[in-house]
Amino acid sequence: MLITVTGHDKPGVTSVLFGALSTRNVSILDVEQVVIRGRLTLGVLVRCIGDSEELQEVIEQAMDSVGVDVTVEVGAENGDRRLSTHAVVVLGSPVSAKSFSALAGELARQGGNIDSIRGIADYPVTGLELLISVDRDSVAADAALRKGLAGVASKFGIDVAVERGGLARRAKRLIVFDVDSTLIQGEVIEMLAARAGREAEVAAVTEAAMRGELDFAQSLHERVAALAGLDVSVLDEVAGELELTPGARTTIRTLHRMGYHCGVVSGGFRQVIEPLAHELELDFVKANTLEISEGKLTGRVVGEVVDRAGKAKALRAFADSVGVPMEQTIAVGDGANDIDMLTVAGLGIAFNAKPALQEVADAALSHPFLDAVLFILGVTRDEIEAADAIDGVMRRVPLN
657 MLITVTGHDK PGVTSVLFGA LSTRNVSILD VEQVVIRGRL TLGVLVRCIG
707 DSEELQEVIE QAMDSVGVDV TVEVGAENGD RRLSTHAVVV LGSPVSAKSF
757 SALAGELARQ GGNIDSIRGI ADYPVTGLEL LISVDRDSVA ADAALRKGLA
807 GVASKFGIDV AVERGGLARR AKRLIVFDVD STLIQGEVIE MLAARAGREA
857 EVAAVTEAAM RGELDFAQSL HERVAALAGL DVSVLDEVAG ELELTPGART
907 TIRTLHRMGY HCGVVSGGFR QVIEPLAHEL ELDFVKANTL EISEGKLTGR
957 VVGEVVDRAG KAKALRAFAD SVGVPMEQTI AVGDGANDID MLTVAGLGIA
1007 FNAKPALQEV ADAALSHPFL DAVLFILGVT RDEIEAADAI DGVMRRVPLN
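Counting with this note's numbering, you get residues 657 to 1056 for the letters of the sequence shown.
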């Protein structure tokens, strides 16, 4: 017997229903409940031994007493509970009915069944999480699913992320961010070059390198050479002018609460990044080091260059240092220099990225809010705000 209750949510509905069921010989097989903007839908699958018509009458009278509607289906099948194979997160501003219809159609075309849908955010973007089941189980099938949904995303201006479902999705424990144009707005080397009056030429080289048109190490040396002669004090000046990407603090704060190890891997410069990393309480930093002599920048870097391959190497090293398997890591970046890092990570997220990076990423975000990373992980806006509220209350409570 499948019992479906709908109506305005209020205290006592569930207790009244199960109180009615307890008066008969009933076994509970499954329960699902959802509340959307105060509207309740409660489904209960039971096995009834005895007069089902009598039980149905008891249920209807009980639900009428609390002012909700109920339907009872006798002879409902008790199939196996299905484990969703994938999680699909849809983000948009807005998510139109047309875009969602196209998304659902593409899922159906690929044999995917939507098992459940829930809202995970209403600002700064609308976020929906779909748990789906796909019968085909192969790398090629996953690639086809991502490609098909990416086509819908591109056509309708929404973001769609696809992950394998189950424990693997909730087992991520380490995340690294690129810095320039990812964790922060803008490019540090261009801010430094502006002090030397060479911002335009350095910006042009940076853009070509981020598109993958130039070797990063070569472009880095060319751009750093333009900084020769700058006073070392400009490093502190630029560090003080860095602007975080909207949502960055929320993202790092929430990930720390969830037990993540958080760090940055950057082709930028340690002397500028470290104060920000300390402020955000990051666990590790990997970046290039500018050479300084007699209080001036020499126009060179010292040590091994953190380039495309170096970023992936740094991610592996961070993961090894804290004992986290690579499949439990996440990397977030925006340029071609991040390709290797996102490829080796368990989940690679392209953030307002160049096409070269979007092509290899597991998920691509096109909205300028870094906390959308949390939505991809299944964290809801309500959960974020509730944790912030609790933390705010705890901070006001005197410690004994």
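Ideal placement from N, C-alpha and C gives every residue a C-beta, glycine not left out. None of these values were measured; they are calculated from a predicted model.
Quick one: what does DSSP say residue i is sitting in, helix, strand or coil?
{"i": "F674", "result": "helix"}
{"i": "A817", "result": "strand"}
{"i": "D798", "result": "helix"}
{"i": "T985", "result": "strand"}
{"i": "L998", "result": "helix"}
{"i": "S810", "result": "helix"}
{"i": "V920", "result": "strand"}
{"i": "A1043", "result": "helix"}
{"i": "D771", "result": "strand"}
{"i": "V669", "result": "helix"}
{"i": "F1007", "result": "strand"}
{"i": "G1048", "result": "helix"}
{"i": "L739", "result": "coil"}
{"i": "G699", "result": "strand"}
{"i": "F1031", "result": "helix"}
Would you check whether the ligand GDP has a heavy atom nearer than 7 Å to the C-beta of residue i?
{"i": "A1012", "result": "Ligands displayed in this structure: none; no statement on the ligand GDP is therefore possible."}
Please return the same chain residues whose Cβ sits closer than 6 Å to the Cβ of residue i, not counting the five positions on each side in sequence.
{"i": "A904", "result": "L839 and L1026"}
{"i": "T741", "result": "S789, V790 and G821"}
{"i": "A968", "result": "D996, M997 and V1000"}
{"i": "F940", "result": "G919 and F974"}
{"i": "Q841", "result": "E899 and T901"}
{"i": "E846", "result": "E855, V858 and A859"}
{"i": "R765", "result": "none"}
{"i": "E688", "result": "G699"}
Could you give the first and the last residue of the continuous beta strand (DSSP E) run that contains residue i?
{"i": "C689", "result": "The question names Cys, yet the displayed sequence has Gln at residue 689. First-last of the beta strand (DSSP E) with Q689: V682 to I692."}
{"i": "I1103", "result": "Residue 1103 lies beyond the stretch modelled for the chain, which goes from 657 to 1056, so this question has no answer here."}
{"i": "D976", "result": "That residue, D976, is in no beta strand (DSSP E); its alpha helix (DSSP H) goes R964 to V978."}
{"i": "R956", "result": "K952 to V958"}
{"i": "V941", "result": "F940 to S949"}
{"i": "V961", "result": "Unbroken run through V961: none, as it is neither H nor E."}
With a 10 Å radius around its C-beta and 16 neighbouring C-beta atoms as the bar for buried, classify residue i as buried or exposed.
{"i": "R1037", "result": "buried"}
{"i": "Q927", "result": "buried"}
{"i": "F681", "result": "Sequence inspection shows Asn at residue 681; the Phe mentioned does not correspond to that position. Exposed is the call here."}
{"i": "I1046", "result": "exposed"}
{"i": "G675", "result": "exposed"}
{"i": "V669", "result": "buried"}
{"i": "T910", "result": "buried"}
{"i": "T907", "result": "buried"}
{"i": "V1035", "result": "buried"}
{"i": "G923", "result": "buried"}
Verify whether the separation of the beta carbon atoms of residue i and residue j is less than 8 Å.
{"i": "A1019", "j": "I1032", "result": "yes"}
{"i": "D725", "j": "G663", "result": "yes"}
{"i": "V844", "j": "F925", "result": "yes"}
{"i": "A1017", "j": "D990", "result": "no"}
{"i": "R703", "j": "L677", "result": "no"}
{"i": "L701", "j": "A743", "result": "no"}
Please return the same chain residues whose Cβ sits closer than 7 Å to the Cβ of residue i, not counting the five positions on each side in sequence.
{"i": "V961", "result": "A873, L876 and N944"}
{"i": "V890", "result": "L848 and R851"}
{"i": "R774", "result": "E785"}
{"i": "G1002", "result": "K828, M982, E983, Q984, T985 and I986"}
{"i": "L971", "result": "V832, V921, T985, A987, M997, V1000 and A1001"}
{"i": "V751", "result": "T782, L784 and I814"}
{"i": "R792", "result": "G767"}
Going by DSSP, what residue range makes up the alpha helix (DSSP H) through residue i?
{"i": "I705", "result": "No alpha helix (DSSP H) contains I705, which DSSP labels as neither H nor E."}
{"i": "G723", "result": "That residue, G723, is in no alpha helix (DSSP H); it is neither H nor E in DSSP."}
{"i": "E897", "result": "S889 to E897"}
{"i": "H877", "result": "F872 to A881"}
{"i": "G761", "result": "A753 to R765"}
{"i": "D778", "result": "Note, D778: premise wrong, no alpha helix (DSSP H); not H, not E."}
{"i": "T907", "result": "A904 to R913"}
{"i": "V661", "result": "Unbroken run through V661 is the beta strand (DSSP E), L658 to H664; no alpha helix (DSSP H)."}
{"i": "E855", "result": "E855 to M866"}
Identify, in the order they occur along the chain, each residue of the same chain with its Cβ nearer than 8 Å to the Cβ of residue i, setting aside the five sequence neighbours on each side.
{"i": "A882", "result": "A849, A852, R854, E857, V858 and G955"}
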